[in-house]
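In the working numbering, the protein residues as written are 0 to 1146.
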């Protein structure tokens, strides 16, 4: 066809349907560029579709169908569909199916052949790799290398673990030896201590008994001396009472006389002072009267001014109250109107959106109706044309059938036998193929299942080992867990992290919230925790936080605010056993989980009773304001390990069950495959016999049957096309009716929405006018209110000032009145006091004279009684001294008893502490150097120092784990060796196939070159550049010297590229090839040799050639002409040349 008629579209369609993804190779940029965009006479389409059919009777394609149709569709949305025999598949399935074709030479576009000469030797190597079909081995090698790298990483990790275990094992072995030595020394120390303390306790008990006897004797002596001292003290008491009575009486009289003397002096001074005060009060009273009269006049004037100010304030206050009420009423009405206006505006916006949506739906429905109508007209016209052609084809087929029946009668029985044999062979072959595919699938599945079981068992063993050994826990928690596992501790439930079940979505949040609390140990009772703490103290293994279930008091559940993003209280989202719920509530009862950090920040200050807010990502926010966050570590946490340990047994059981089922199914398939092989052999023998019998009869019918087959295929294709067109017509009519209904409904909804929108616009306008009027009224009212309130403040200030002045003047008036009254009272009081002082002074002077007559005789009698008392006191002091001496003796005896008891108790306590509360036997004899021997043993224990009591157990556990890891490392190293050998095998196969293909291509290239040039020589050579091996081309046309390819003319380059291209096709064995104007540069003298070689290659490869060259066109067996109509649509016409020749000869 002429230029621009669409020939290259056919070539690119073949490339596109076979999976081409680069639209730049298809002269486009995106998916829409391959879809019909429409012209004036024909509307655009919504998709593009290409189908290509392959004869797969020789099973060149790895699929069980004898005929394979590959279809690709593209839509304007960018979506692509891929189908094999009308079944939807993926792009990778298409690529895998056609990879055997050698796509590098399936479609040779303009310039592609010449580009092979322009490539560098290194890039030209890829052409030979495609011909050798080794590109798929690159992916296999890369996958193997990836697996090898993963195994290398695993081996490194296992080696690192073993390297970590080695010093730990040596340290534990040393600690175990020290523990045994210390145990022997401690036993020796206990024996020596029992003998020593048995002897010391006996000696201490004897000293204690002696001290108690001495104390009893001292007690009796103290009693005797105390009785004597009490008798002397009683006599002294009698004399002392008598002396005290005399002294008391004398003191009373002396005191009374002194008081009377002081009273006399006091009353005389009071009399003089009263006379002075009476004169002063009289002068003060006269001045206070004049000041009181002046203050009364000022108060009267201030009260009149206050009355005027109060009247003005009350009048102004009433005006302000009235203005405020009016303003509040107007503002209330305006607020109500404003709310109504907001509702109206919201409804108006919603109505506008709905109206626009309905109009858009109606427009899209009209466009769809237009597109469907045009498509329906086109399909109906095609359907009518194809139906007419189908009727003509059926008439021709009926006529040919009548002729065929005449020739078919003789060979009917033989043909039926061949058909039955063929059907039997085909059935058995399909069954064998399905059995082989099923066997390969089950074998692959069996290998994968075994690997999965080994992997899960290994993982479960590793996790179990880590769980039982307390890996990841601190030293104290490990010691408690191991002691519980060894039945050394009772009542240990486990660590908090191991007894809770956390959903996978919340693991990071809960682990961040708990932190180190994950290693807290849950116990059933308080006593269990005390026993564990005692164990930790004895072994020096560290500290642990315990959660006794019988003493925990869960916190009160905090209230949750109504906010978005809250997941809930952590303790309510985590599951555990009912008896462990108190420990869970204690740890997580006041922790809130939210979705993200903004939610946590918005609610943390409003929460009461919450200790922390944690996000799903692990950020922790405290009520005090602290924030913890960052990137999570890549290693799985404690909760993830516990979850995996719980689910692995079920997964292992399921994988083992699947492994057994797969093995059983594989054995069944192997048995069926053997039986099918025997059936296939018998069926092939029967088929060969039937073919020999029917060969003679079939030769006579071959011509007629060939024609009938062609007619039937043509009829089948036409019938399928007609049915497809009819189905498409029905589909289009249904879609058209639906689109019309949608259009009518959309137009009705749009009309109703338009009317509702007009009413809403009118209502919103009225609201706007009312809002402007109300705003003006509010402004006027607020201005008036401000003026009145200013007047009110001025009146209030005046009233306040008048009230303050009145209070001040009234206070002055009252104060001066009180001064006058008080002055008068004081003057009268002073006169009265003066008279009273004179009256009290006379009796005091009389009593003084009476007391002087009795004091002197009483003093003489008192001196005599004091002398007698002194004699009695000396006798009592002597008796008391003797009693004190006895008490001191008793005190010393008591101290000796206490010291003996303390020494005995201290000895018992020290014996209990050093012997571990062991029972100390009596009557043991201690060696003379027992203390020296104890000291020497203590020194040896000090040199040994503290030891790890669990060292032997830990050494055995870690040794078992190290042995397990060493076995794992050996397995990994074995697998690495296998992979290295496999990589070497793949690379060897790739190199061997490349070498073989290169030899074939080089040989064919030289032959093709000599044939196309009618002489000359050409060869291929391998050249090395570093580690890369390339392919160099050396060509010498007839009559020229061997030189660079760039020195060749255009025609010579075309012939050289064709020779190389044909050599690659011959080596690769492509089933078909599309050549797009590769002969454009060849003249008439060279085109004949090109066509001769092309016809020779066409015996094994089907060629589709796009050409303008007359010589190529004359040599073809079938022509397809492409023309461009005025509407821009390409039209293809086909011509079978042998049929045309026969028709012309007949005419």
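All C-beta atoms, glycine included, are put in the ideal place defined by N, C-alpha and C.
Provide the residue(s) that pair with residue i in DSSP beta bridges, ordered along the chain.
i, result
"residue 54", "66"
"residue 547", "522"
"residue 1135", "1117"
"residue 565", "593"
"residue 208", "According to DSSP, which records beta bridges pairwise, residue 208 is partnered with nothing at all."
"residue 1130", "1122"
Report buried or exposed for residue i, applying the criterion of at least 16 other Cβ atoms within 10 angstroms of its Cβ.
i, result
"residue 370", "buried"
"residue 633", "Caution is warranted here: a pLDDT of 45 is assigned to residue 633, below 50, making its placement in the model unreliable, and no coordinate value can be reported."
"residue 629", "exposed"
"residue 1076", "buried"
"residue 627", "exposed"
"residue 754", "exposed"
"residue 485", "exposed"
"residue 188", "buried"
"residue 15", "buried"
"residue 1027", "exposed"
"residue 966", "exposed"
"residue 1052", "buried"
"residue 495", "buried"
"residue 894", "exposed"
"residue 890", "exposed"
"residue 383", "exposed"
"residue 71", "buried"
"residue 954", "buried"
"residue 342", "exposed"
"residue 585", "buried"
For residue i, which option in the options has the closest C-alpha, if you only look at C-alpha atoms?
i, options, result
"residue 1074", "1106, 1049 and 1085", "1106"
"residue 455", "361, 431, 648 and 554", "648"
"residue 522", "583, 515 and 383", "583"
"residue 744", "577, 476, 358 and 858", "358"
"residue 510", "600, 611 and 576", "611"
"residue 588", "599, 1080, 574 and 600", "574"
"residue 1055", "489, 1115, 1072 and 1089", "1089"
"residue 258", "67, 847, 1116 and 680", "847"
"residue 942", "22, 608, 795 and 185", "185"
"residue 475", "1102, 441 and 543", "543"
"residue 1049", "1036, 580 and 1061", "1036"
"residue 562", "603, 162, 332 and 532", "603"
"residue 607", "197, 556 and 488", "556"
"residue 249", "861, 739, 394 and 183", "861"
"residue 32", "19, 38, 47 and 40", "47"
"residue 86", "50, 295 and 676", "50"
"residue 832", "676, 1024 and 272", "272"
Would you kindly check if the distance between the Cβ of residue j and the Cβ of residue i is under 9 angstroms?
i, j, result
"residue 1140", "residue 1110", "no"
"residue 1029", "residue 121", "yes"
"residue 482", "residue 534", "yes"
"residue 445", "residue 662", "yes"
"residue 888", "residue 207", "no"
"residue 25", "residue 97", "no"
"residue 569", "residue 508", "yes"
"residue 725", "residue 105", "no"
"residue 145", "residue 989", "no"
"residue 228", "residue 881", "yes"
Is there a C-beta anywhere in chain D that falls below 9 angstroms from the one on residue i?
i, result
"residue 7", "Of the chains in the structure shown, none is chain D; there is only one protein chain."
Quick check for students: name the residue ranges of the alpha helix (DSSP H) that lie wholly in the region 1034–1100, counting only runs of 4 or more. 1049–1067 and 1083–1096
Ordered list of beta strand (DSSP E) runs contained in the region 428–515, each at least 3 residues: 491–494
In chain order, which alpha helix (DSSP H) runs of at least 4 residues are fully inside the region 347–391? none
Inside the region 208–265 only - beta strand (DSSP E) runs reaching at least 3 residues: none
In chain order, each alpha helix (DSSP H) run of at least 4 residues that lies wholly inside the region 929–985: 929–943
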